[in-house]
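*Asks:* First, the structure itself, so that you have it in front of you.
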Amino acid sequence: MTSTAIKHLGCPGHLIVARYCRWHRHTQIDGPGGSWRVSTIGNYYVGDQLTTVSGASDDAYFETMAFPTAINGSAQDSGGCGCRPVLDWSGERCRHYATAGEADAGHEAAVADLAARASRSEVTL
């Protein structure tokens, strides 16, 4: 692999209850310096009640996490969307946000940072 590929995917990239989140972004980054999944979820509803992200502050309705992934292959149960298998679900970074605008900007910042790292020839976690 000589260049960095960034692919935006339509499925949520983390959180077991993501199907209850009404907002999500998911980006796969592959390059010679590594491969990552950046996932942002939010607007998590339990029934009709908007709920904060577990373990976060009272106004944290959105969460961005990044996970190192395998360079090749598809994640189990991905339906062929392009998800790579996650190597460590503990996450390399986790950020919380109050608004969709903040979450969108945070997702873009994480993608830019990890794409720059992925473009390097050495792996740096």
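Residues 4 to 128 (the numbering used here) make up the sequence shown, in order.
Where is the CB? At the ideal position from N, CA and C, for every residue including glycine.
Just so you know, these numbers come straight off a predicted model, no measurement behind them.
Using CA atoms only, rank isn't needed, just tell me which of Val20, Thr7, Gln31, Tyr23 is closest to Gly13.
*Replies:* Here residue 13 refers to the residue found at position 10 when the sequence shown is read from its first residue. Closest by alpha carbon: Gln31.
*Asks:* With a cut-off of 8 Å on the beta carbons, I'd call Ser41 and Tyr47 a contact; round off their distance for me.
*Replies:* As a first step, residue 41 must be located in the sequence shown, where it is residue number 38. As a first step, residue 47 must be located in the sequence shown, where it is residue number 44. The residue you asked about is not Ser; residue 41 is Val in the sequence shown. Actually they do not touch by this definition, with Cβ atoms about 18 Å apart.
*Asks:* In whole angstroms, give me the CA-to-CA distance for Ala59 and His99.
*Replies:* Here residue 59 is taken as the residue at index 56 of the sequence shown, counted from 1. Here residue 99 is taken as the residue at index 96 of the sequence shown, counted from 1. Their backbone Cα atoms lie some 7 Å apart in a straight line.
*Asks:* Following the continuous alpha helix (DSSP H) through Asp116, name the residue where it begins and the one where it ends.
*Replies:* Here residue 116 corresponds to residue number 113 of the sequence shown, with the count starting at 1. Start and end: 103-122.
*Asks:* Can the beta-carbon of Trp26 be found closer than 9 Å to that of Phe65?
*Replies:* As a first step, residue 26 is located in the sequence shown; it is residue number 23 there, counting from the start. As a first step, residue 65 is located in the sequence shown; it is residue number 62 there, counting from the start. In this structure, Phe65 lies closer than 9 Å to Trp26 by Cβ.
*Asks:* DSSP puts Arg98 in a beta bridge; with which residues?
*Replies:* The sequence position of residue 98 within the sequence shown is 95, counting from 1. Per DSSP, Thr67.
*Asks:* So Gly85 packs on Thr43, CB below 8 Å; how close in whole Å?
*Replies:* Counting from one through the sequence shown, the residue named residue 85 turns up at place 82. Counting from one through the sequence shown, the residue named residue 43 turns up at place 40. Contact annotation, Gly85 with Thr43: C-beta distance approximately 17 Å; criterion of less than 8 Å not satisfied.
*Asks:* Can you tell me whether Ala118 is buried or exposed? The criterion is at least 16 other CB atoms within 10 Å of its CB, across all chains shown.
*Replies:* What you label residue 118 is simply residue 115 of the sequence shown in a count that begins at 1. Flag for Ala118 reads buried.
*Asks:* Just to confirm before moving on: does the CB-CB distance between Ser122 and Gly45 stay below 9 Å?
*Replies:* Counting from 1 along the sequence shown, the entry for residue 122 is found at position 119. Counting from 1 along the sequence shown, the entry for residue 45 is found at position 42. No, Cβ-Cβ distance for Ser122 and Gly45 is not below 9 Å.
*Asks:* On the DSSP bridge list, what partners appear for Ala8?
*Replies:* Mapped onto the sequence shown, residue 8 falls at position 5. Looking at the DSSP assignment, Ala8 forms a beta bridge with Asp33.
*Asks:* From this set, Arg28, Asp33, Arg22, which residue's C-alpha is nearest Glu105's C-alpha?
*Replies:* Residue mapping note: residue 105 aligns to position 102 of the sequence shown, counting from 1. Considering only alpha carbons, the answer is Arg28.
*Asks:* What residue does the beta strand (DSSP E) around Leu53 start on, and which one ends it?
*Replies:* Taking the first residue of the sequence shown as position 1, residue 53 is located at position 50. Looking at the DSSP string, the run of the beta strand (DSSP E) that includes Leu53 is 52-54.
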